[in-house]
Amino acid sequence: MIVLKSLKEIQRMKVACSIVAEVLRVVVESVSVGVTTIELNSIAEKEVSKRKAKPAFRGYSGYPASLCCSLNNQVVHGIPDSRPLQNGDILSLDFGAYYDGFYGDAAVTVPIGKVSGVALKLIAATEKSLQLAVEAALVQNRLSDISSTVQAYIESNGFSVVRDFVGHGIGRNLHESPQIPNYGIPDTGPKLRAGMVLAIEPMVNEKSHEVKVLSDGWTAVTLDGGLSAHFEHTVAITDNGPEILTLV
Ligand code: MF3
Ligand code: CO
Numbered sequence: 008m009i010v011l012k013s014l015k016e017i018q019r020m021k022v023a024c025s026i027v028a029e030v031l032r033v034v035v036e037s038v039s040v041g042v043t044t045i046e047l048n049s050i051a052e053k054e055v056s057k058r059k060a061k062p063a064f065r066g067y068s069g070y071p072a073s074l075c076c077s078l079n080n081q082v083v084h085g086i087p088d089s090r091p092l093q094n095g096d097i098l099s100l101d102f103g104a105y106y107d108g109f110y111g112d113a114a115v116t117v118p119i120g121k122v123s124g125v126a127l128k129l130i131a132a133t134e135k136s137l138q139l140a141v142e143a144a145l146v147q148n149r150l151s152d153i154s155s156t157v158q159a160y161i162e163s164n165g166f167s168v169v170r171d172f173v174g175h176g177i178g179r180n181l182h183e184s185p186q187i188p189n190y191g192i193p194d195t196g197p198k199l200r201a202g203m204v205l206a207i208e209p210m211v212n213e214k215s216h217e218v219k220v221l222s223d224g225w226t227a228v229t230l231d232g233g234l235s236a237h238f239e240h241t242v243a244i245t246d247n248g249p250e251i252l253t254l255v
C-alpha cells in the first residue's frame, strides 16, 4: 500500500528534507584531499543534532554509521573509514534524517580534486538522470515512467543502471512502498498520485550493472571494479507537478 501524504504532512516532511539537504551541503563543503570519511560522518552527526533532528541510517538494520560514504567502485552503503580521500577519487554521500515524525533522504556524488573524464561524465549523467526522473513524476504518469526515464538516459550515455538496489516511498518510515527500480518499460505499475512522496535514487555504473556486497554485510561494489555514482532526492508528487523536498 502506498501511503499518500496530505499537503500539511508534505510541509512537515519538507522540514526533515531541508535538514538533510543542509547537512549534505556542509559535508560536501568539507570534502577535500586528506579528509577521511569517518570525519565526514562526524560532521554529518554534529550538523544533524544541531538542527534537533536524528540521523536515519545509524542502527537501521544494524548499519553502523549515519552517513553512507561509497568511494569509486563502491555503489552504495559504504561504511565510513580512516582512509584519507585522494586526488582523483569520486565519493557518493548518502544521508537521511528524522524530524517531527518524518524522514528525508538524499545523496550526491562528488569528485575529489582532479578526476578522470569518464568519472566526470558518469557523475554528470547520473545527476541528469535524476533530474529527468523527477520531471517524469507527474500525476498523468505511472511509476515505471520514472524508472524507464533513468534507464533510457543512462544507457544512451553508455553507462548501466544498478538492478539490485532501488528507490522507495518515504514518509513516517524511511522505506515505504513502492519500490522504484531505475529500469523498466514505460507506462506500467501504479498510477502516480498527488500525495505520493518518493526517494528517487539512480545508482549508475561505468561498466556492467552487476554488483556484489562485501563481507562487511553492507558495502555494495561493482563486480568489474568500474566506477559508480549515486544521486537521490526526496520528491513529493503534487497536482502542480513534482516538488523536490531535499533542497536547502
Ligand atoms: N538511501 C539509502 C536507502 O534508501 C540509504 C540507506 S542506508 C541504511 O536505502 F543504512 F539505512 F540502510
Ligand atoms: Co534512499
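According to my numbering, the sequence shown holds residues 8 to 255 in order. Heads up, the beta-carbon is just placed ideally off N, CA and C, and yes, glycines get one too. On a predicted model such as this, the values are computed, not experimentally measured, just so you know.
With respect to 8 Å, is the separation between the Cβ of L7 and the closest non-hydrogen atom of the ligand MF3 below this value?
-> Shown here, the chain extends from 8 to 255; a query on residue 7 therefore has no answer.
Notebook entry, point to check: Is it true that the CB of T133 sits closer than 9 Å to the CB of A143?
Noted result: For A143 and T133, no; Cβs fall outside 9 Å.
- Message: Does the beta-carbon of D223, which I'm using as the reference point, lie nearer than 8 Å to any heavy atom of the ligand MF3?
- Response: Checking the Cβ of D223 against the ligand MF3 gives no.
Candidates I153, H175, E213, E183: which alpha carbon is nearest I192's? I153 is the residue among I153, H175, E213, E183 whose C-alpha sits nearest the C-alpha of I192.
Check: So what does DSSP say about L145, is it helix, strand or coil?
Finding: Residue state, collapsed to three classes: coil.
Checklist entry - Does the Cβ-Cβ distance between L78 and F64 come in under 9 Å? => result Going by C-beta atoms, L78 is not nearer than 9 Å to F64.
**Message:** According to DSSP, simplified to helix, strand and coil, what is K121?
**Reply:** Per DSSP, reduced to three states, the secondary structure at K121 is coil, with no helix or strand assignment.
- request: Would you check whether the ligand CO has a heavy atom nearer than 8 Å to the C-beta of I9?
  value: I9: no, Cβ never under 8 Å from the ligand CO.
Check: Below 9 Å between beta carbons: does that hold for N212 and F172?
Finding: Result no, Cβ atoms of N212 and F172 do not sit closer than 9 Å.
For N247, is the classification buried or exposed, using 16 other Cβ atoms within 10 angstroms of its Cβ as the cut-off for buried?
Exposed, by the Cβ-count rule.
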